[in-house]
Amino acid sequence: MAFTASHPLHGVASWYEHELGWATAKGGGERPVELLTGLRFDALELPAAAGFAVLRRLGGQWPVALAGRRMRLLVAAGAADELPGLLDWLEWGGIALDLAALGAGDRMTAPIPPGWSGSGSPGAASWLRPPEPGREVEPTLPAMSAVGGGAGAPCLVRLVDAAASECHRVRLLGADRTQRLASS
Numbered sequence: 671m672a673f674t675a676s677h678p679l680h681g682v683a684s685w686y687e688h689e690l691g692w693a694t695a696k697g698g699g700e701r702p703v704e705l706l707t708g709l710r711f712d713a714l715e716l717p718a719a720a721g722f723a724v725l726r727r728l729g730g731q732w733p734v735a736l737a738g739r740r741m742r743l744l745v746a747a748g749a750a751d752e753l754p755g756l757l758d759w760l761e762w763g764g765i766a767l768d769l770a771a772l773g774a775g776d777r778m779t780a781p782i783p784p785g786w787s788g789s790g791s792p793g794a795a796s797w798l799r800p801p802e803p804g805r806e807v808e809p810t811l812p813a814m815s816a817v818g819g820g821a822g823a824p825c826l827v828r829l830v831d832a833a834a835s836e837c838h839r840v841r842l843l844g845a846d847r848t849q850r851l852a853s854s
């Protein structure tokens, strides 16, 4: 049975659970449905401007979500635990980056499923690159090259290095713009 936005008995949570096999936390009242990270995937969260630059640099077709000015790049489960060590190894440790990881015990707002009408609210989560129902997502996700990541998925080390670089660039450009406006 296909789940659609117009079907009154099935909502966003059911679509994610049945079509993709992803765990959800159902929102109550006005709260949106959330996807549980750390089970099938983790997510790197960064400013959207940095995320778009990363996508241009690395290409690929793994799932990517956008919520307002923040982008979430889905990565292999367990990658969130690797982020601090990777940043240190890549010599980004100790540098203020607007880069975070969502892993075991975390949640992210579930974007409206592809093809469904959105909530219309500004900044609502949406898919830039949606997952495909009936297709395992894990082989498409960036992972440590020795332990996973299928064809077309970038190595997690390359992704983290590109993300850190672009986050740093966005931070520096933002600070430069602020300084120029203040001095005029």
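Under the numbering used here, the first residue of the sequence shown is numbered 671, with each subsequent residue one higher.
Beta carbons: idealized from backbone N, C-alpha and C, even for Gly.
These figures come from a predicted structure and were not determined experimentally.
Quiz item: Cβ atoms of Leu811 and Trp732: under 7 angstroms apart, would you say?
Solution: Residue numbering aside, residue 732 sits at position 62 when the sequence shown is read from its first letter. Residue numbering aside, residue 811 sits at position 141 when the sequence shown is read from its first letter. Cβ atoms of Trp732 and Leu811: closer than 7 angstroms.
Practice problem: Please report how far the alpha carbon of His688 lies from the alpha carbon of Glu802, in whole angstroms. | Solution: Within the sequence shown, the letter at position 18 stands for residue 688. Within the sequence shown, the letter at position 132 stands for residue 802. In a straight line, the C-alpha of His688 is about 12 angstroms away from that of Glu802.
Quiz prompt | At least three beta-carbon pairs within less than 8 angstroms, the segment 722-731 to the segment 759-768 | solution = no
Quiz prompt | For Ala735, the first and last residue of its enclosing beta strand (DSSP E) | solution = As a first step, residue 735 must be located in the sequence shown, where it is residue number 65. Taken as a continuous stretch (DSSP letters only), the beta strand (DSSP E) holding Ala735 covers Val734 to Ala737.
Quiz item: Would the beta-carbon of Ala737 fall within 7 angstroms of that of Thr707?
Solution: Here residue 737 corresponds to residue number 67 of the sequence shown, with the count starting at 1. Here residue 707 corresponds to residue number 37 of the sequence shown, with the count starting at 1. Contact flag unset, no.
Self-check item: Assigned secondary structure, Asp758 (DSSP; H/G/I helix, E/B strand, else coil)
Solution: The sequence position of residue 758 within the sequence shown is 88, counting from 1. If DSSP states are grouped into helix, strand and coil, Asp758 belongs with the helices.
Exercise. Just mark Gly773 as buried or exposed, buried being the case when its beta carbon has 16 or more other beta carbons within 10 Å.
Key: Translated into the one-based positions of the sequence shown, residue 773 becomes position 103. That one is buried.
Quiz item: Which value, in whole angstroms, describes the spacing of the CA atoms of Ala750 and Gly729?
Solution: Counting from one through the sequence shown, the residue named residue 750 turns up at place 80. Counting from one through the sequence shown, the residue named residue 729 turns up at place 59. Rounded to the nearest angstrom, the two C-alpha atoms are 21 angstroms apart.
Quiz item: Pick from Arg727, Ala683 and Ser684: whose alpha carbon is nearest that of Ala833?
Solution: On the sequence shown, position 163 is the one that residue 833 refers to. Selected option, being the one with the closest Cα: Arg727.
Practice problem: Take Arg841 and list the residues in its own chain whose beta-carbon comes closer than 8 angstroms to its own, dropping the five residues that flank it on each side. | Solution: Walking along the sequence shown from the start, residue 841 turns up at place 171. Only Ala766, Leu767 and Asp768 meet the Cβ criterion.
Quiz item: How should Arg710 be labelled, buried or exposed, when 16 other C-beta atoms within 10 angstroms of its C-beta is the threshold for buried?
Solution: Taking the sequence shown and counting its residues from 1, the one referred to as residue 710 is at position 40. Arg710 should be labelled buried.
Quiz item: In terms of residue numbering, what span does the beta strand (DSSP E) encompassing Ala770 cover?
Solution: Reading the sequence shown from its first residue, position 100 is the one you call residue 770. Taken as a continuous stretch (DSSP letters only), the beta strand (DSSP E) holding Ala770 covers Ala770 to Leu772.
Exercise. Over the uninterrupted beta strand (DSSP E) stretch that includes Val745, give me the two end residues.
Key: Translated into the one-based positions of the sequence shown, residue 745 becomes position 75. It spans Arg740 to Ala746 - the beta strand (DSSP E) in which Val745 sits, taken as one unbroken run.
Practice problem: Look at the alpha carbon of Glu752 and the alpha carbon of Val745, and state the distance between them as a whole number of angstroms. | Solution: The sequence position of residue 752 within the sequence shown is 82, counting from 1. The sequence position of residue 745 within the sequence shown is 75, counting from 1. The straight-line gap from Cα to Cα measures roughly 11 angstroms.
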